[in-house]
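Below is one structure; the comments refer to it alone.
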Amino acid sequence: MSYSEKVIDHYNNPRNVGSLPKGDTAVGTGLVGAPECGDVMKLQVRVNPETGVIDDAKFKTFGCGSAIASSSLATEWLKGKTLEQALEIKNVDIVQELSLPPVKIHCSVLAEDAIKAAIADYKRKQQDGQ
Amino acid sequence: MLRFPIYMDNHATTPVDPRVLELMLPYFTDRFGNAASRNHSYGWQAEEAVDVARKQVAELIGATAKEIVFTSGATESDNLAIKGAARMYREKGNHLITVVTEHKAVIDTCKHLEKEGFDVTYLPVKRDGLVDLDRLRAAITDRTILISIMAANNEVGVLQPIAEIGRMARERGVLFHTDAVQAAGKVPFDVNASSVDMASLSAHKMYGPKGVGALYVRRRNPRVLLTPIIDGGGHERGMRSGTLNVPGIVGFGKAASISREELATESARVTGLRNRLSDGLRRELDEIYINGSVEHRLPGNLNVSFAYVEGESLLMGINDIAVSSGSACTSATLEPSYVLKALGTGDELAHSSIRFGLGRFNTEEEVDFVVQKVSAVVKRLREMSPLYELAKEHEEVKIRG
């Protein structure tokens, strides 16, 4: 398996690895994938309550280099976006940016799912809070 | 001085020993004759060289020269043994027994025979990778003509109890074939001590060249007959037609004789390296699991699962070390190793597995480098793993509770 330079760069220097406090109402957490399939992604966003803009994003990923790169890239893209803009990030954008081969497309799909799950979690918290 | 990438994938293939190569070279140029040419010295020279090699290969496994049939490699040997015996003894029965952890060359050959109307029993293995002898005994019927069980597994290095299997087969009048590719030259392997009727061998797994292998076919007590799978000029006593690969065979012979002479010292040395690797990794890391029996194992094999770390990402981080992974992502099928699955290793740990294959040219210095490098990358990836985080949180909850 040969990787694109961008995948290798994200693997060696992952952006935004880490965790945000799960209990924080401003934080949305998405946990997708399954260990038995070889991919699990945890992606978190923190939304500024004043502006509605994502001001921080973190990830942790169990998976191949492409899965790590997909989630690392996703956190980079999420920062500074509104929730509506964030939901516009599609897996094909990730495939294109990282030059993922066909067998690795599922990694980008997982990253898109993780974004959606994190935002859904955030929205649920806001509703519950009201 | 370390040379990168460090090669620790000696189950996949081994480099040709310089002593082997040196002996082979003249057979490409000056001594290029066809071993089947009866009318001139080129042919005689080639035939003589093949005779020497045949004896050397035979000596490695306690056979006689006439019992060695040269092939293109172990895949062909497995095909010839299993298809050849099944078709020859079809009148006697149509049942074969093998094991789920066999190499694909055996499994897929058996599957092919199922389409020809044979019944095949694929026995499971125990958690340690060994076949359950009681289950094997129970599987043998009056229709059973062949048992094919490997001597050593290529992924987890587990050594099957072939002497017991051979004895059982002999008692029941069933032929016993063993794929001895990984075992021969690495651990003592004797076709008479283990009552083996056929054994597949490969040169490139014992520091010989690729493209040459052999099938041992017993000639006495019992005499084994095979229906050939390749038709042609009737070489190799009619069992395998085709011009002999003389330089390859010369190399195979030399490789076999070196392996035999150095077996005791090498297996002790390589076991030492393997233990150094295993101890080093266990000193640096928690939650690592060795797949397969530690006791019944090839000297050079260490198959390890690093919990919470996916194998392919680990390989990516240790790209200055040449090893292989049981992870799905490394294969086109996205299925993790069927061998690890058969041992009952969960998919999650199968995805986290690395096979280290140590061999003749590995050194302590290399092992020490590998311990440091692998440990550092595993630690980094665990810090990045949500599973590791969840497990640690769980642990804290347990401790607090």
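For the protein sequence lines, the chains are A and B, in the order given.
Counting in the numbering used here, the first sequence runs from 1 upward without gaps.
Counting in the numbering used here, the second sequence runs from 1001 upward without gaps.
Note that CB positions come from ideal geometry on N, CA and C, so glycine has one too.
Neighbour list for L1387(B) in chain A, Cβ cutoff strictly below 8 Å = P35, V40, F62
* Which same chain residues, not among the five before or five after E1102(B), have their C-beta less than 6 Å away from its C-beta? -> M1150
* Would you mind sorting L1060(B) into buried or exposed? The rule is 16 or more other CB atoms within 10 Å of its CB. => buried
| Residues bridged to Y1122(B) (per DSSP) | T1098(B)
- [ ] Quick one: grab the DSSP three-state call for Y1042(B).
- [x] helix
Candidates V1246(B), L1298(B), Q1372(B), E1366(B), of which the one nearest W1044(B) by Cα | The option with the nearest alpha carbon to W1044(B) is V1246(B).
(message) So that I know if they touch, is there some Cβ in chain A lying closer than 8 Å to that of S1313(B)?
(response) Yes, its Cβ sits closer than 8 Å to a Cβ of chain A.
What residue range is occupied by the uninterrupted beta strand (DSSP E) comprising A1085(B)?
-> Counted as a single uninterrupted DSSP element, the stretch harbouring A1085(B) is not any beta strand (DSSP E) but the alpha helix (DSSP H) occupying residues 1074-1088.
> What does Y1308(B) reach in chain A if we use C-beta pairs closer than 7 Å?
Replying inline: By Cβ distance, chain A contributes F62.
**OP:** State the beta-bridge partners of S1324(B) as determined by DSSP.
**Re:** R1355(B)
### Message
In whole angstroms, give me the CA-to-CA distance for Q85(A) and N91(A).
### Response
A straight line joining the alpha-carbon of Q85(A) with that of N91(A) spans about 14 Å.
* Asked: Which bits of chain A does G1344(B) rub up against, with CB to CB less than 9 Å?
  -> Result: empty, since nearest Cβ-Cβ is about 14 Å, beyond 9 Å.
- Per-residue burial, L1146(B) [other beta carbons within 10 Å of its own, 16 or more giving buried]: The residue is buried, with at least 16 neighbouring Cβ atoms inside 10 Å.
*How many Å lie between A1049(B) and S1195(B) at the Cα?*
Distance between the alpha carbons of A1049(B) and S1195(B): 29 Å.
- prompt: What residues in its chain sit with their C-beta under 6 Å from that of S1324(B), if we drop five residues either side in the sequence?
  reply: D1009, R1355
Check: Do the CB positions of N1431(B) and S1305(B) come within less than 8 Å of each other?
Finding: Given that chain B is displayed from residue 1001 to residue 1401, the structure contains no residue 1431(B) and the question cannot be resolved.
From this set, L1123(B), R1127(B), M1239(B), which residue's C-alpha is nearest R1137(B)'s C-alpha?
L1123(B)
Taking L1225(B) as the reference, which of R1090(B), D1279(B), V1052(B), L1002(B) has the closest Cα? R1090(B)
Item to complete: Determine the chain A residues that contact H1351(B) at a beta-carbon separation under 7 Å, and present them in chain order.
Response: Neighbours of H1351(B) on chain A, chain order: G38.
* Since L31(A) meets chain B, which of its residues come closer than 7 Å, beta carbon to beta carbon? -> P1386
### Message
Assuming contact is defined by CB atoms lying nearer than 8 Å, are G30(A) and D128(A) in contact in what I supplied?
### Response
D128(A) is positioned such that its CB atom lies no closer than 8 Å to that of G30(A).
Rounding to the nearest angstrom, what Cα-Cα distance links K1373(B) and G1326(B) in this structure? 19 Å
Backbone CA spacing between L1273(B) and K1379(B) [nearest angstrom]:
Cα to Cα, L1273(B) sits roughly 23 Å from K1379(B).
Per-residue burial, M1198(B) [other beta carbons within 10 Å of its own, 16 or more giving buried]:
Buried is the call here.
Open item on the list: Could you give the first and the last residue of the continuous beta strand (DSSP E) run that contains Q44(A)?
Closed with: 39-47
- Message: Report the start-end ranges of each beta strand (DSSP E) in the region 1117-1173 of chain B that is 3 residues or longer and not cut off at the edges.
- Response: 1119-1123, 1144-1148
| request: Could you name the residues of the region 104-122 of chain A whose beta carbon sits closer than 7 Å to any beta carbon of chain B, in the order they occur along the chain? | output: none
Can you give the Cα-Cα distance for T1330(B) and E1262(B), rounded to whole angstroms?
Confidence at T1330(B) is low in this model, with a pLDDT of 44, below 50, so the placement of that residue should be treated as unreliable; the coordinate-derived value is given next. Each residue's alpha carbon lies about 35 Å from the other.
Item checked: Selected residue, minimal CA-CA separation from A1256(B), among S1202(B), Y1308(B), P1161(B) -> S1202(B)
* Is any beta-carbon of chain A found at less than 8 Å from that of D1347(B)? -> yes
message = According to DSSP, L1215(B) sits in a beta bridge with which residue or residues?
response = DSSP, once it has assigned bridges, lists V1069(B), S1200(B) as partnering L1215(B).
_Could you check whether the region 98-114 of chain A touches the region 1001-1017 of chain B, counting it as contact only if at least three pairs of C-beta atoms, one from each stretch, sit closer than 8 Å?_
no
(Q) Using 8 Å as the threshold, is the C-beta distance between A57(A) and N12(A) below it? (A) no
**Identity of the residues DSSP links to A118(A) by a beta bridge** = According to DSSP, A118(A) bridges with nothing at all.
Any beta-carbon of chain B closer than 8 Å to the one on I68(A)? yes
* chain B contact for T21(A) (CB, 8 Å cutoff) -> A quick correction: the sequence has Pro, not Thr, at residue 21(A). Not an interface residue.
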